[in-house]
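Novice: Please see the structure below; I have some questions.
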Amino acid sequence: MQSLFQFSGGDSFLHRVDPRAKFLVVLAVLSFVLLFEDPVFLATAFVTVIAIIWVLGGIPPTEYFTLLLAFTPLILAVALIQGLTYRPPGAEIVVALGPAGFSDYGLLLGLSIGLRLATMGLTFMMFSMTTTPKDVGLGLNKVGIPFKYAYLATFGLRFLPLMQEDLRTIQNARAVRGDPDVGSKNLFRRFKSLPMSFFPLAANSLRQSSETAKALELRGYGADIERTTVYDLSLEARDYATTVVCLAVIGIVVYARVVLGIGLLTP
Amino acid sequence: MSQPTESGGIQASSHNTGKAAPGPLPDKYYGQLPDWEFNLWPSRTAVIMAALFLALGFTVNMQITERIDTIMWGGISPLWGLFFFALWNASGAMFFGLPGALIVANVNPIVANLTATNPLAPVFFATNSLYAVPMAFWTWYFKEEGEGLTFFQVASAHVLSIPLAVVPLAFVWIFVLQLTPPVVAMWFAASCIAGWLGILIAYPFAKKLLASGVIQQ
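Written as structure tokens, this is what we have:
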């Protein structure tokens, strides 16, 4: 139960870019993968995002290899469902397993959609690996979300690993008291044991919440006055350049897909 | 009004003692939730923080279940997620009103997106909110001063709210995954059933939280 939210420390270009401009990178990639459906285009996008994270973020794929592996069942499931159920005129059955036949077009479309979702996931990971929780909160505040609520994102991202540790402690406590399900090698039994651990997790955390609330109020949380911060976000030349490039990419993608009709998958 | 018990818990108000079913859960007939003070729009910091901690519990839960969904069926529908999500969303909405509902509903999707735990994560904001917000309104509608909610009331609200939560997922199945209508219908039905079954753990969970006294502290 390791958290995949891992801010990967560094001083790369992606680490230095303002979270608002970085979010435009995410939107540019999303526009590309959502508008095109040719698997070649989507495979290119997937590889390009890996390259961006490596070259501009200084994070090699080995660091998030488990995430890349986690995309495999997704791509397989979507490809199989589409192959089995989607048969437009002109599509041919390329694999037949008894009464079930998989169409070539369905498999290709499924592969495209799987790659689309995998690229989307990877892009969001790029954002989280190169943005500190503090910057996430500050960024949300800068785009207009009141500090009272934007701070919750920072607070949540900071406290999440502690909550995961609490759950692990509760599970260990149950295991040493002889609960056979918690430490079972049977994954189903281990999964079944989880709900029983959620109640102490919730009760403990709710008990902490009133003290945390008092501590926050003593520090002026929820005060109506305008807040200032020691560390603030400000847009610099690289952020403007990133914004211009991303907007240009979005414009080109929309033009290529809508006006020129490029990137469609046809049977 | 509710009275604190020796163990710090909350006992049902005197005029509905006959209907209440305190004690270890789940009891035979699921009984009735003990009374609590409900406010549709509480603004105290304590309420916001309590909702946030509930949201974090939700996130920890979903980090596990959403990954299991991804491994089991590629995450096309978060069936295990839907089974478990009422545990936290229903409690947040019933105990902490609309702010609680919105906080619990929207913190998890932020983390789910940033950690790519599920391919459908971008629509979890809508999925969670479309469940939690109606649940808060249903609570406001059903809840009477000095009385808790019955299992029937909570289950009715839950059963009506679950299909709303599945609608955003259906949009993804249709427009992003481009699934055929029969496949969408199958996933829709499966998701609703998984979500509806969640009440069997969400209700005892909410009742136990109330009985422990941590809600009214």
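First to last, the sequence lines map onto chains A and B. Quick note, in our numbering, the first sequence goes up one by one and the last residue is 267. Quick note, in our numbering, the second sequence goes up one by one and the last residue is 484. Don't be surprised by glycine CBs; every beta carbon is placed ideally from N, CA and C.
Buried or exposed: where does V314 (chain B) fall if 16 or more other Cβ atoms within 10 Å of its Cβ makes it buried?
Specialist: As a working mapping, residue 314 (chain B) is identified with position 47 in the second sequence. With 16 or more other Cβ atoms within 10 Å, it is buried.
Novice: Any C-beta of chain B within less than 9 Å: which residues of the region 143 to 176 of chain A qualify?
Specialist: Flagged, chain order: K148, Y149, L152, A153, F155, G156, L157, F159, L160, L162, M163, Q164, D166 and L167.
Novice: What does the alpha-carbon distance come out to for the pair V182 (chain A) and L160 (chain A)?
Specialist: Counted from its first residue, the first sequence places residue 182 (chain A) at position 182. Counted from its first residue, the first sequence places residue 160 (chain A) at position 160. Cα to Cα, the separation comes out at about 21 Å.
Novice: What does the alpha-carbon distance come out to for the pair F147 (chain A) and P19 (chain A)?
Specialist: Position 147 of the first sequence, counting from 1, holds the residue named residue 147 (chain A). Position 19 of the first sequence, counting from 1, holds the residue named residue 19 (chain A). Taking the straight line joining both Cα atoms gives about 16 Å.
Novice: Whole alpha helix (DSSP H) runs in the region 281 to 367 of chain B with 4 or more residues, listed along the chain?
Specialist: Complete alpha helix (DSSP H) runs here, min 4: 312 to 340.
Novice: Any C-beta of chain B within less than 7 Å: which residues of the region 57 to 78 of chain A qualify?
Specialist: Those would be L67, A70, P73, L74, L76, A77 and V78, in chain order.
Novice: Can you tell me which of B:A403, B:M453, B:G348 and B:A372 puts its alpha carbon nearest to the alpha carbon of F392 (chain B)?
Specialist: The count along the second sequence starts at 1 and reaches residue 392 (chain B) at position 125. Looking at the Cα atoms, B:A372 is the closest of the given residues.
Novice: Taking the DSSP output, what are the residues bridged to L477 (chain B)?
Specialist: To locate residue 477 (chain B), count along the second sequence from 1; it is residue 210. None, per the DSSP bridge assignment.
Novice: Using a Cβ-Cβ distance under 7 Å, would V254 (chain A) count as near chain B?
Specialist: Looking up residue 254 (chain A) in the first sequence gives position 254. It does not; no Cβ of chain B falls within 7 Å.
Novice: Just checking: is the beta-carbon of F124 (chain A) within a distance shorter than 7 Å of some beta-carbon in chain B?
Specialist: Within the first sequence, residue 124 (chain A) is the residue found at index 124, counting from 1. True, the Cβ-Cβ gap to chain B drops below 7 Å.
Novice: At what residue ranges does the region 134 to 198 of chain A contain a whole run of the beta strand (DSSP E), taking only runs of 3 or more?
Specialist: The qualifying runs do not exist here; there are none.
Novice: Considering Cα atoms alone, identify which of B:S423, B:A432, B:T417 and B:A469 is closest to D485 (chain B).
Specialist: Outside the shown range of chain B (268 to 484) lies residue 485 (chain B), about which nothing can therefore be said.
Novice: Residues of the region 73 to 107 of chain A in Cβ contact with chain B at a cutoff of 8 Å, in chain order, please.
Specialist: Answer set for the region 73 to 107 of chain A: P73, L74, I75, L76, A77, V78, I81, Q82, T85 and Y86.
Novice: Do you know offhand how far G290 (chain B)'s Cα is from E412 (chain B)'s?
Specialist: Position 23 of the second sequence holds residue 290 (chain B). Position 145 of the second sequence holds residue 412 (chain B). Reliability of the predicted coordinates at G290 (chain B) is poor, the pLDDT of 42 falling under 50, and the value obtained from them is presented with this limitation in mind. When rounded, the distance between both Cα atoms is 22 Å.
Novice: Between the region 186 to 201 of chain A and chain B, which residues of the former have CB atoms less than 9 Å from a CB of the latter, in chain order?
Specialist: Here the close residues are L187, F191, L194, P195, F198, F199 and L201.
Novice: In angstroms with no decimal places, state the Cα-to-Cα distance between G462 (chain B) and N306 (chain B).
Specialist: Numbered from 1 along the second sequence, position 195 holds the residue referred to as residue 462 (chain B). Numbered from 1 along the second sequence, position 39 holds the residue referred to as residue 306 (chain B). Roughly 26 Å separates the two Cα atoms.
Novice: Could you tell me which whole alpha helix (DSSP H) segments of length 4 or greater appear in the region 14 to 70 of chain A?
Specialist: Here the runs fully enclosed are 19 to 35 and 39 to 55.
Novice: Measure the Cβ-Cβ separation of Y398 (chain B) and S428 (chain B) and say whether it is below 7 Å.
Specialist: Within the second sequence, numbered from 1, the residue matching residue 398 (chain B) stands at position 131. Within the second sequence, numbered from 1, the residue matching residue 428 (chain B) stands at position 161. Taking 7 Å as the Cβ cut-off, Y398 (chain B) and S428 (chain B) qualify as a contacting pair.
Novice: Does G251 (chain A) get closer than 7 Å to chain B when you measure Cβ to Cβ?
Specialist: Here the question's residue 251 (chain A) lines up with position 251 in the first sequence. It does not; no Cβ of chain B falls within 7 Å.
Novice: Run down chain B in chain order and give the residues with a C-beta less than 7 Å from the C-beta of G222 (chain A).
Specialist: Numbered from its first residue, the first sequence carries residue 222 (chain A) at position 222. T312, listed in chain order.
Novice: Closer than 8 Å by beta-carbon distance: list the chain B residues that pair up with F127 (chain A), in chain order.
Specialist: The residue given as residue 127 (chain A) occupies position 127 in the first sequence. Result: L381.
Novice: Tell me which residue opens and which closes the alpha helix (DSSP H) that V434 (chain B) is part of.
Specialist: Locating residue 434 (chain B) in the second sequence gives position 167, counting from the first residue. F418 to F438 is the extent of the alpha helix (DSSP H) around V434 (chain B).
Novice: How long is the line joining the alpha carbons of P61 (chain A) and I52 (chain A), rounded to whole angstroms?
Specialist: Within the first sequence, the letter at position 61 stands for residue 61 (chain A). Within the first sequence, the letter at position 52 stands for residue 52 (chain A). So the two alpha carbons sit approximately 11 Å from each other.
Novice: Are the beta-carbon atoms belonging to G137 (chain A) and A153 (chain A) less than 7 Å from one another?
Specialist: Counted from its first residue, the first sequence places residue 137 (chain A) at position 137. Counted from its first residue, the first sequence places residue 153 (chain A) at position 153. Their beta carbons are under 7 Å apart, which means G137 (chain A) touches A153 (chain A) by this criterion.
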